[in-house]
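Only one structure is covered here, and it is reproduced in the block below.
Residue numbers (the numbering used here): 1 to 159.
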């Protein structure tokens, strides 16, 4: 008799098992073998994101959350062809106003559209890539790598 596991449950169960067994967790990022589904890393590029929230609404596993903070230093190196025009304009405006570089992310007022940061949960992500598919601004991409150490640290913090 086989057990019918959902992808989320299988992944969570595997991570819990890995955490409980007495193995040294790898310090290096592990390359995911080709064809192994459900493992990898979603990469977020803040400078390309317009904070529309499409990815957060798409993620059924709640692995992506919108935060009301924004790292102004991420605006420094916007690519010339950036689709996030509101951020390009904001960068130019801030550049004219600033007296010194901001040292930490600033809090964004509630309801201010187009400015914010997403937070990716490595332990909740099942690597379905739906967030990457829905993002029109290419601010999310994938890598066939798995950072087990970071995932285990995140689980430890959640516990």
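All C-beta atoms in this analysis are idealised placements derived from N, C-alpha and C, irrespective of residue type, glycine included.
| task | Answer yes or no: do residue 118 and residue 66 have a C-beta to C-beta separation smaller than 8 Å? | result | Locating residue 118 in the chain shown gives position 118, where the first residue counts as 1. Locating residue 66 in the chain shown gives position 66, where the first residue counts as 1. A contact, by the Cβ cut-off of 8 Å.
| said: Please classify residue 1 as buried or exposed, where buried requires at least 16 other C-beta atoms within 10 Å of its C-beta. | reply: For the purposes of this step, residue 1 is taken as residue 1 along the chain shown, with counting starting at 1. Low confidence applies here, because residue 1 scores a pLDDT of 41, under 50, leaving its location unreliable; read the following figure in that light. Exposed is the call here.
| In the structure shown, what three-state DSSP assignment does residue 63 receive? | On the chain shown, residue 63 is found 63 positions in, with the first residue counted as 1. DSSP places residue 63 in the coil class of the three-state scheme, outside both helix and strand.
| message | Taking 8 Å as the threshold (C-beta atoms), are residue 123 and residue 145 in contact? | response | Numbered from its first residue, the chain shown carries residue 145 at position 145. Numbered from its first residue, the chain shown carries residue 123 at position 123. Their beta carbons are not under 8 Å apart, which means residue 145 does not touch residue 123 by this criterion.
| Which value, in whole angstroms, describes the spacing of the CA atoms of residue 103 and residue 71? | Along the chain shown, read from residue 1 onward, the residue named residue 103 stands at position 103. Along the chain shown, read from residue 1 onward, the residue named residue 71 stands at position 71. Each residue's alpha carbon lies about 9 Å from the other.
| message | Let me confirm a value: residue 48 is counted as buried when at least 16 other C-beta atoms fall within 10 Å, else exposed. Which label applies? | response | The residue you call residue 48 lines up with position 48 of the chain shown. Residue burial is scored here from C-beta neighbours: residue 48 has at least 16 other C-beta atoms within 10 angstroms and is therefore classed as buried.
| request: Take the Cβ of residue 140 as the centre, count every other Cβ of all protein chains shown within 10 Å, and call the residue buried at 16 or more, exposed below. | output: Here residue 140 refers to the residue found at position 140 of the chain shown. When all chains shown are included, residue 140 counts as buried.
| said: Distance check for residue 135 and residue 156, CA to CA, integer angstroms please. | reply: Within the chain shown, numbered from 1, the residue matching residue 156 stands at position 156. Within the chain shown, numbered from 1, the residue matching residue 135 stands at position 135. As the crow flies, the alpha-carbon of residue 156 is around 30 Å from that of residue 135.
| field | Buried or exposed (CB count within 10 angstroms, at least 16 for buried), residue 126 | value | Translated into positions along the chain shown, residue 126 becomes position 126. The Cβ neighbour count for residue 126, taken over all protein chains shown within 10 Å, is at least 16; the residue is labelled buried.
| Proximity winner among 130, 143 and 59, relative to residue 34 (alpha-carbon distances) | What you label residue 34 is simply residue 34 of the chain shown in a count that begins at 1. It is 143 whose Cα lies nearest to the Cα of residue 34.
| Mapping DSSP to helix, strand and coil, what is residue 44? | Within the chain shown, numbered from 1, the residue matching residue 44 stands at position 44. Annotated three-state conformation of residue 44 is strand, per DSSP.
| said: For residue 148, report the span of its alpha helix (DSSP H) as first-last. | reply: Reading the chain shown from its first residue, position 148 is the one you call residue 148. First-last of the alpha helix (DSSP H) with residue 148: 148-158.
| task | Would you grab the beta carbon distance between residue 64 and residue 131 for me? Rounded to a whole angstrom, and I think it's under 8 Å. | result | Here the question's residue 64 lines up with position 64 in the chain shown. Here the question's residue 131 lines up with position 131 in the chain shown. With a beta-carbon spacing of about 6 Å, residue 64 and residue 131 fall inside the 8 Å limit used to define contacts.
| query | Given residue 15, which residues of its chain have a CB within under 7 Å of its CB, disregarding the five upstream and five downstream residues? | reply | Locating residue 15 in the chain shown gives position 15, counting from the first residue. Excluding the 5 residues flanking it on each side, residue 15 has same chain C-beta neighbours closer than 7 Å at 123, 151 and 155, in chain order.
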